[in-house]
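Asks: Just dropping this structure here.
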Amino acid sequence: MAQIELDGINRIFQLGDSQVHALCDVSLRIEAGEYVSVMGPSGSGKSTLLNLLGLLDRPNSGHYRLEGRDVTTLSADEQAAVRSARIGFVFQSFHLVPRLTAAENIALPLMLAGMPAHERTRRVAQALKDFGLEARAHHRPEELSGGQRQRVAIARATIMRPAMLLADEPTGNLDRATGQEVTALLEDLNAAGMTLIVVTHDPVMGERARRRVLMEDGAIRQDLRRGPEPA
Amino acid sequence: MSPADTLRFATRAALGYPLRTALMVLAMSIGVAAVVMLTALGDGARRYVVEEFSALGANLLIVLPGRTETGGVNPGSFVSSTPRDLTNDDAAALLRLPLVQRVAPLTVGNSEISVGGRLREVMVLGTTADYLGIRGFGVAGGQFLPREDFGRATAVAVIGETIRAELFGNENAIGRMIRLGDRRLRVIGIMGPAGRGLGMNSDELVLVPVATAQAMFNTNALFRIMVETRGREALGPAQRQVEDLLRARRDGELDFTVITQDAVLGTFDRILGALTLGVAGIAAISLAVAGILVMNVMLVAVTQRTGEIGLLKALGASTGAIRLAFLAEAGLLSLAGAVAGFALGHAGAWGIRLAFPALPAWPPDWAVAAAVGTALTTGLLFGVMPARRAAALDPVQALMKR
Ligand SMILES: Nc1ncnc2c1ncn2[C@@H]1O[C@H](COP(=O)(O)OP(=O)(O)O)[C@@H](O)[C@H]1O
Ligand SMILES: [Mg+2]
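Residue numbers (full-length UniProt numbering), protein chains in the order written: chain D, 1 to 231; chain G, 1 to 402.
Listed below in structure tokens is the structure:
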């Protein structure tokens, strides 16, 4: 049983009287601990695929089994619970809450999950240390550099120790050097066992993944693997 | 999300947009303050009147010339001819009724009092010896008006404390002559400390025998006759006796009115109670307006924070948690408004009391509770719709908006 199993997924958007077939009959299997890059031209359905994988969106047809459980039929709140426990998101535009400090942003998923404050403080302190953000703990996002912001976002995405990390163009708003730092950070997390799925426009970053999925017009054109499969 | 975290999160969100929050708290507080202040004013007026009339004493009848209905307007009040005056003879006749204990005829007017070079305007009250006992006043020095025939215009006066201080200062006033209008009178007594009621303050009065006042103002008419009955139970029968006697004395015509303290109090209490309620209702409208403002502000907040809502959903927030967070924010803003308005209203009532010391302008407890309760309810009620809208947002759409 693979961690992620997509079977015959279709996602159709209604735009006035025209239909956009964002995903056409997509089937995909991803094992736990894999490192997958998703590439392709703009509008090819990469973000739509990632949103589906992250249970932010529902397919019009097809089946999605996550860790053996059919998650397409879950209620919105059941899906939220799965997102909370198993899935971490990293976005191109960071999506930090501007009025909260770095530490508070990182603590958000713990707070939403109902973890008591004293336990949160401990976990957040550890995360700040792991991501080299200790000196920035009480700064608000506007006082942080782009690289620091994305590190806060990654710390937040992983604070619940999810099984998989979904990143939609995580280096899209960063300069080359900072982008590489962030990529290295994500790869470290993958090396520690977290499934990593990265949508990227950057061929260099895409090439680094052991498995590279190429999308075009809502379908998977290419699915290349390099090296031995992870256990 | 624990309740404490929800509250903390909502507080941070509210504080994150200070201008918006301040404006909304202001709007809500004005509504609450309006209710608190206006009801303080209305209830103060009610209490003022009640206290004024309570000072009269419980087994008192007041006879006034003319037919007036305190309970409303009757057709007779439009067609009545000029009423006949009440006279000292009427008062003397009333005193002979078995259920009547004491009677005090009253005549009032303004005049000038002078001693040596000092001169001032005063209110002159013409009455008789029993006035003191009926009103429960006392004299601080000397004696009150002599007990004599209602028709005798003795040239004596009893003056209030303020008048005494202004005209005589540290000198002894008793036995001194004063000029009141065109008459020379001897001061025989000083009124005891402040007795109030019926809009008169005994500190600033000059009391003279009723016939003296009538001669001064060149009239036979009385302004009122105060009748004290033998006990509270006698009030009703005595009222009938008084009416029958006076009617008989004026050829069967009922061109006078006999009122009791209870009737007057009841009427004023009803009128001013209704007024207070009406005023509270008007003020409550401003609260409803504030409620609509809460809704709009919260809708704007939802739009402003769409990206944040999408993020919270991506991080695993349930729809219930998001709904609660926004509802808590609306509730907190309303609560802050209610508290600020409560303080503002009390400050306003304090200002009224400062400006009009006679008016006991304290907001009634029910009004304060109603204002704060309404503010909270409106805030939460009008906060439901925005909160539901926030919770129902599609996470992908919400995340894209930024
Ligand atoms: N909410 C939406 N409504 C309508 N069309 C959409 C929506 N989201 C995506 N699309 C369309 O679906 C297609 C795939 O979009 P997307 O997955 O965002 O592409 P990519 O991320 O690869 O650039 C595009 O043609 C886009 O216009
Ligand atoms: Mg995209």
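Even for Gly, the Cβ is constructed at its ideal location relative to N, Cα and C.
Owing to the predicted nature of the structure, the values given are computational and were not obtained by experimental measurement.
How many angstroms separate the CA atom of ALA81/D from the CA atom of MET160/D?
Replies: Each residue's alpha carbon lies about 12 Å from the other.
Asks: According to the neighbour-count rule (16 or more other Cβ atoms, all chains shown, within 10 Å of its Cβ), is ALA14/D buried or exposed?
Replies: Reading the sequence as shown, one finds Gln at residue 14/D and not Ala. Label assigned to GLN14/D: exposed.
Asks: I believe ILE174/G touches GLY141/G by the beta-carbon criterion, under 8 Å. Please report the beta-carbon distance rounded to the nearest angstrom.
Replies: 6 Å
Asks: Does any residue of chain G have a CB that is nearer than 7 Å to the CB of PHE89/D?
Replies: Closer than 7 Å to some Cβ of chain G, the Cβ of PHE89/D qualifies, so yes.
Asks: What did DSSP end up calling ASN74/G once you bin it into helix, strand or coil?
Replies: Here the model assigns ASN74/G a pLDDT of 45, short of 50, so the residue's position is not dependable, and the following value carries that caveat. Coil.
Asks: Does the beta-carbon of ARG16/D, which I'm using as the reference point, lie nearer than 6 Å to any heavy atom of ligand 1?
Replies: Reading off the sequence, residue 16/D comes out as Gly, not Arg. Because no heavy atom of ligand 1 lies under 6 Å away, the Cβ of GLY16/D does not count as near it: no.
Asks: Is ALA127/D buried or exposed, if buried means 16 or more other CB atoms sit within 10 Å of its CB?
Replies: Counting Cβ neighbours within 10 Å, ALA127/D comes out buried, since at least 16 surround it.
Asks: List the residues of chain B that LYS401/G touches, going by C-beta distances under 9 Å, in chain order.
Replies: No chain B is part of this structure, whose protein chains are labelled D and G.
Asks: Helix, strand or coil for VAL97/D, going by three-state DSSP, please let me know.
Replies: coil
Asks: Give me the chain D residues within the contact set of MET1/G, using Cβ-Cβ distance strictly less than 7 Å, ordered along the chain.
Replies: MET111, LEU112 and GLY114
Asks: Does the separation of the CB atoms of LEU315/G and PRO203/D fall below 7 Å?
Replies: no
Asks: My output table needs one value for ASN201/G: the three-state DSSP class, helix, strand or coil.
Replies: It is a strand residue.
Asks: Which residues of the stretch 20-35 of chain D have a Cβ closer than 8 Å to any Cβ of chain G? Give them in chain order.
Replies: Going along the stretch 20-35 of chain D in chain order, one finds no residue with a Cβ nearer than 8 Å to chain G.
Asks: Per DSSP, which residues does ARG29/D bridge with? Please list them.
Replies: GLU5/D
Asks: When every heavy atom of ligand 2 is checked, does at least one fall within less than 6 Å of the C-beta of SER47/D?
Replies: Distance from the C-beta of SER47/D to the nearest heavy atom of ligand 2 is below 6 Å.
Asks: Can you grab the Cα-Cα spacing for the pair GLN101/G / MET28/G, in whole Å?
Replies: 58 Å
Asks: Alpha carbon to alpha carbon, what distance is there between ALA13/G and VAL35/G?
Replies: 29 Å
Asks: Rounded to the nearest angstrom, how far is the Cβ of LEU327/G from that of ALA375/G, given a contact under 8 Å?
Replies: LEU327/G to ALA375/G, Cβ: 15 Å. No contact.
Asks: Which chain G residues are close to ARG123/D, counting only those with a beta carbon under 9 Å from its beta carbon?
Replies: What ARG123/D touches in chain G: nothing, since even the nearest Cβ is about 15 Å away.
Asks: For LEU196/D, tell me which candidate among ARG86/D, MET1/D and SER75/D has the shortest Cα-Cα distance.
Replies: ARG86/D
Asks: Does any CB atom of chain D fall closer than 7 Å to the CB of ALA314/G?
Replies: yes
Asks: Would you say ARG83/D lies against chain G (beta-carbon separation less than 7 Å)?
Replies: yes
Asks: For the stretch 60-73 of chain D against the stretch 292-309 of chain G, are there 3 or more C-beta pairs whose distance is under 8 Å?
Replies: no
Asks: Return the chain-ordered ranges of every alpha helix (DSSP H) run that is complete within the stretch 229-298 of chain G and spans a minimum of 4 residues.
Replies: Within the stretch 229-298 of chain G, the complete alpha helix (DSSP H) runs of at least 4 residues are 235-249.
Asks: Does the Cβ-Cβ distance between VAL139/G and LEU207/G come in under 7 Å?
Replies: no
Asks: Does the separation of the CB atoms of MET1/G and LEU174/D fall below 7 Å?
Replies: no
Asks: With 8 Å as the C-beta to C-beta threshold (strictly closer), list the residues of the stretch 143-156 of chain D near chain G in chain order.
Replies: ARG156
Asks: Report, in whole angstroms, the separation of the C-beta atoms of ALA361/G and ALA343/G, which I expect to be a contact under 8 Å.
Replies: Contact flag wrong, Cβ pair sits at about 16 Å.
Asks: Should the stretch 240-249 of chain G be called in touch with the stretch 88-102 of chain G, which here means at least 3 C-beta pairs below 8 Å?
Replies: yes
Asks: Less than 7 Å separating the beta-carbons of GLY218/D and LEU28/D?
Replies: no
Asks: First and last residue of the beta strand (DSSP E) that includes ASN110/G?
Replies: Run containing ASN110/G: 100-115, per the beta strand (DSSP E) assignment.
Asks: Could you please give the first and the last residue of the uninterrupted beta strand (DSSP E) stretch that includes ASP149/G?
Replies: Element bounds for ASP149/G: n/a, residue is neither H nor E.
Asks: Does ligand 1 have a heavy atom nearer than 6 Å to the CB of ALA22/D?
Replies: yes
Asks: Would you identify the three-state DSSP class for SER18/D, choosing helix, strand or coil?
Replies: strand
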